[in-house]
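Student:
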Amino acid sequence: MQTATHIPHDVSYLDYKGKYKGILNWILSTDHKRIALLYMYSMMVLFLVGVGLGLAMRLELIAPGKTVVEAQTFNAMFTVHGVIMIFMIVIPGLAAVFGNFFLPLMIGARDVAFPRINLLSWYFYIAGALLVISSVLFGNGTPDTGWTFYAPYSFKTGTNLLPAIFGAFILGFSSILTGLNFIVTIHRMRAPGMTWLKMPLFPWTLYATAWIQLLATPVIGITLVLVALERIFNIGVFDPALGGDPILYQHLFWIYSHPAVYVMILPAMGVISEIIPTFSQKHVFGYRAIVVSSLAIAFVGYFVWGHHMFTSGMSGTAQYTFSILTFLVAIPSAIKVFNWISTMHKGSLNLEAPFFWALSFIFVFMIGGLSGLVLGALATNVHVHDTQFVVAHFHFIVFGGVGFSFFGAIHYWFPKMFGRMYDKVW
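Each residue of the sequence shown is one higher than the one before, starting from 3 at the first, in my numbering.
Next comes the structure, spelled out in structure tokens:
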């Protein structure tokens with residue numbers, strides 16, 4: 003295992019003065035807590051950019067016809083908003099910030115297994131983010147393909163798409179390295195006596211998430227490289243004019259991108275599984291069921307990507323199979339919701355800010371989950387596919403789920419992270 007920046011116990015990691023001064027003391031530190039805050043501060047800036055673009059799109063859609071921007075500009079905003087919010091905020095968010103900060107603390111380790119690789123993953127994150135932003139500032143126009151980079155338009159558009167593709171590719175390296183680090187840390191660095199079924203639930207969800215990051219992310223990385231090669235050399239993998247298959251791109255993209263939804267939501271579920279028992283002043287109901295359901299979500303999530311493609315053309319057998327699997331993956335999520343509610347039942351509820359964030363998560367996540375069942379059913383999916391219904395479902399899950407749990411985690415762990423209580427007025 004690598005050695006980390008060793009901070010004495012009597013010195014706060016926020017005040018520690020290493021051999022470097024100023025900002026270098028932070029961006030060259032291998033301390034897991036400082037790296038977590040580097041991620042958080044970076045994401046705060048990118049979050050403001052993504053939210054600003056989302057607000058501009060909402061203003062444009064407030065009335066029919068042109069309201070604020072032209073159609074081409076709207077497509078560009080949609081693309082950059084999606085890439086920033088998905089690849090830079092909700093996928094890495096909870097794991098990179100709170101996973102880095104609290105995983106070693108929760109399992110009794112001094113740091114993660116590979117501190118230098120942990121810092122390298124943040125460098126990859128920043129490099130990928132800067133490349134994506136550069137696609138807006140330079141070249142022949144902002145990418146307008148949508149965050150999915152669908153073929154064949156992704157190699158026909160004349161906009162500045164290559165930096166965005168390479169940026170997303172580099173962000174994938176950050177995700178893979180973080181997942182590898184967490185897996186090795188949990189396997190090799192648990193405190194003596196901490197068996198698997200004595201681990202807190204948040205590390206369990208990070209463990210399930212890390213396997214998705216490690217196994218699924220290379221698929222999207224290779225796919226994006228193929229798109230770049232298609233644009234540069236016309237190799238004909240996805241271009242139907244050259245004998246390629248654009249449906250193949252959809253399969254490869256969603257084989258990663260649906261498991262990526264669980265990269266977003268599993269750490270959020272782990273956060274809620276920590277907050278609810280604390281503020282109910284009870285042990286969590288059904289610890290083992292929550293553990294098994296977390297692993298089940300990570301496993302079954304690999305086999306449901308086809309429900310994104312019901313209208314793209316596939317056999318009836320494939321449609322029925324993906325539909326059934328989509329309903330099946332809802333069961334572990336429902337188990338968690340029932341266990342959280344059971345934990346609160348007859349508990350002595352402490353009505354503080356983190357608890358309200360957790361309640362909000364449960365309420366909004368249930369709406370998102372129930373609307374997901376509508377999309378999993380063939381009879382309704384074909385009618386609402388590519389409509390605002392899908393946009394609403396996704397945002398209920400992503401912001402109602404990941405967003406609320408992120409704010410809940412900040413309030414819940416604020417004293418531990420910053421050494422003081424958050425301001426209850428704000």
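Beta carbons: idealized from backbone N, C-alpha and C, even for Gly. All values reported here derive from a predicted model rather than from experimental measurement.
#1: Contact check, isoleucine 277 vs alanine 210 under 8 angstroms by CB: the rounded distance?
#2: Does the Cβ of valine 427 have 16 or more other Cβ atoms within 10 Å, making it buried, or fewer, making it exposed?
#3: Would a C-beta distance cut-off of 8 angstroms place valine 229 and isoleucine 167 closer than the cut-off?
#4: Report yes if the CB atom of alanine 332 is closer than 8 angstroms to the CB atom of glycine 303, and no otherwise.
#5: Check whether the Cβ atoms of alanine 115 and methionine 191 sit closer than 8 angstroms, and answer yes or no.
#6: Closer than 6 angstroms by C-beta to valine 134: which residues in its own chain qualify, once you throw out the five before and the five after it? Chain order, please.
#7: Go to proline 269, then tell me how far its alpha helix (DSSP H) extends in each direction, as first and last residue.
#8: In this structure, how does DSSP classify isoleucine 93 when only helix, strand and coil are distinguished?
#9: With a threshold of 16 other CB atoms inside 10 Å of the CB of serine 314, please say whether the residue is buried or exposed.
#10: In or out: glutamine 252 buried (at least 16 other Cβ within 10 Å) or exposed?
#11: Isoleucine 88 lies in the alpha helix (DSSP H); which residues open and close that run?
#12: Tell me which same chain residues have a C-beta within less than 7 angstroms of the C-beta of glutamate 62, skipping the five on either side of it?
#13: Would you report the Cα separation of serine 362 and isoleucine 343, rounded to the nearest angstrom?
#14: Please return the same chain residues whose Cβ sits closer than 6 angstroms to the Cβ of phenylalanine 409, not counting the five positions on each side in sequence.
#15: Round the Cβ separation of methionine 90 and leucine 55 to the nearest angstrom and send it over; I've been treating them as touching at under 8 angstroms.
#16: Quick check: the Cα distance between arginine 118 and threonine 32, rounded to an integer number of angstroms?
#17: Quick check: what's the CA-CA separation for threonine 187 versus glycine 272?
#18: Pick from His260, Leu372, Gly421 and Ile109: whose alpha carbon is nearest that of valine 500?
#19: Compute the Euclidean distance between the alpha carbons of alanine 270 and proline 106, then round it to the nearest angstrom.
#20: Nearest by alpha-carbon distance to glycine 130: which of Leu164, His413 and Leu380 is it?
#21: Could I get the ranges of all uninterrupted beta strand (DSSP E) runs contained in the stretch 295 to 343, with 3 residues as the minimum, in chain order?
#22: Does the distance from the CB of glycine 101 to the CB of leucine 208 come in under 8 angstroms?
#23: If you run the structure through DSSP and keep just helix, strand and coil, what is lysine 35?
#24: Starting from tryptophan 124, trace the alpha helix (DSSP H) both ways and give me its first and last residue.
#25: For a quick check, are the C-beta atoms of tryptophan 307 and isoleucine 257 less than 8 angstroms apart?
#26: Examine the Cβ distances between the stretch 386 to 406 and the stretch 262 to 269 and report whether three or more of them are shorter than 8 angstroms.
#27: Who are the Cβ neighbours of lysine 35 in its own chain at under 7 angstroms, not counting the five residues just before and after it?
#28: Out of Leu372, Asn352 and Gly223, point me to the one whose CA is closest to threonine 280's CA.
#29: With 16 other CB atoms within 10 Å as the buried threshold, where does asparagine 341 fall?
#30: Drop a sphere of 10 angstroms on the beta-carbon of alanine 411, count the other beta-carbons inside from all chains shown, and report buried for 16 or more, exposed for fewer.
#31: Which residue's Cα is closest to the Cα of valine 366: Met46, Trp206, Phe406 and Val293?
#32: Of the residues Val376, Gly349, Leu254 and Lys284, which one's Cα is nearest the Cα of isoleucine 326?
#33: Does the distance from the CB of serine 44 to the CB of isoleucine 128 come in under 8 angstroms?
#34: Report the three-state DSSP secondary structure of proline 145 (helix, strand or coil).
#35: Please say whether asparagine 162 and serine 137 have beta carbons closer to each other than 8 angstroms?
Tutor: Taking the coordinates as given:
#1: Here isoleucine 277 is actually not in contact with alanine 210; their C-beta atoms are around 19 angstroms apart, not less than 8 angstroms.
#2: Looking at its Cβ environment, which holds fewer than 16 other Cβ atoms inside 10 Å, valine 427 is exposed.
#3: A distance below 8 angstroms separates the beta carbons of valine 229 and isoleucine 167.
#4: With contacts defined by Cβ atoms closer than 8 angstroms, alanine 332 and glycine 303 do not form a contacting pair.
#5: Against a cut-off of 8 angstroms, the Cβ pair of methionine 191 and alanine 115 comes out as a contact.
#6: Answer for valine 134: Val85, Ala166 and Gly169, listed in chain order.
#7: From DSSP, the alpha helix (DSSP H) with proline 269 extends over 248 to 282.
#8: Shown here, isoleucine 93 sits in coil according to DSSP, grouped into three states, outside any helix or strand.
#9: The residue is exposed, with fewer than 16 neighbouring Cβ atoms inside 10 Å.
#10: Classification of glutamine 252: buried, given that the 10 Å Cβ count is 16 or more.
#11: For isoleucine 88, there is no enclosing alpha helix (DSSP H), as DSSP gives it neither H nor E.
#12: Answer for glutamate 62: Thr69, Val70, Val71 and Phe76, listed in chain order.
#13: For the pair serine 362 and isoleucine 343, the Cα-to-Cα distance works out to about 13 angstroms.
#14: Hits under 6 angstroms: Trp359.
#15: Not a contact, Cβ separation roughly 12 angstroms.
#16: Cα atoms of arginine 118 and threonine 32: separation of roughly 6 angstroms, rounded to the nearest angstrom.
#17: Approximately 17 angstroms between the Cα atoms of the pair.
#18: With the chain running from 3 to 428 in the structure shown, residue 500 is simply not present.
#19: The straight-line gap from Cα to Cα measures roughly 18 angstroms.
#20: Of the candidates Leu164, His413 and Leu380, the residue whose Cα lies closest to the Cα of glycine 130 is Leu164.
#21: You should have found no qualifying run.
#22: Yes, these two residues count as a Cβ contact at 8 angstroms.
#23: Here lysine 35 sits in helix by DSSP.
#24: Per DSSP, tryptophan 124 belongs to the alpha helix (DSSP H) from 117 to 139.
#25: Yes, they are a contact pair.
#26: Because the criterion of three Cβ pairs below 8 angstroms is met, the stretch 386 to 406 and the stretch 262 to 269 touch.
#27: Once the five neighbours on either side are set aside, the close Cβ partners of lysine 35 are Tyr15 and Phe103.
#28: Here the closest residue by C-alpha is Asn352.
#29: Counting Cβ neighbours within 10 Å, asparagine 341 comes out buried, since at least 16 surround it.
#30: Label assigned to alanine 411: buried.
#31: Among Met46, Trp206, Phe406 and Val293, the Cα nearest to that of valine 366 is on Phe406.
#32: Looking at the Cα atoms, Val376 is the closest of the given residues.
#33: The Cβ atoms of serine 44 and isoleucine 128 sit closer than 8 angstroms to each other.
#34: Note: proline 145 maps to coil in three-state DSSP.
#35: Taking 8 angstroms as the Cβ cut-off, serine 137 and asparagine 162 qualify as a contacting pair.
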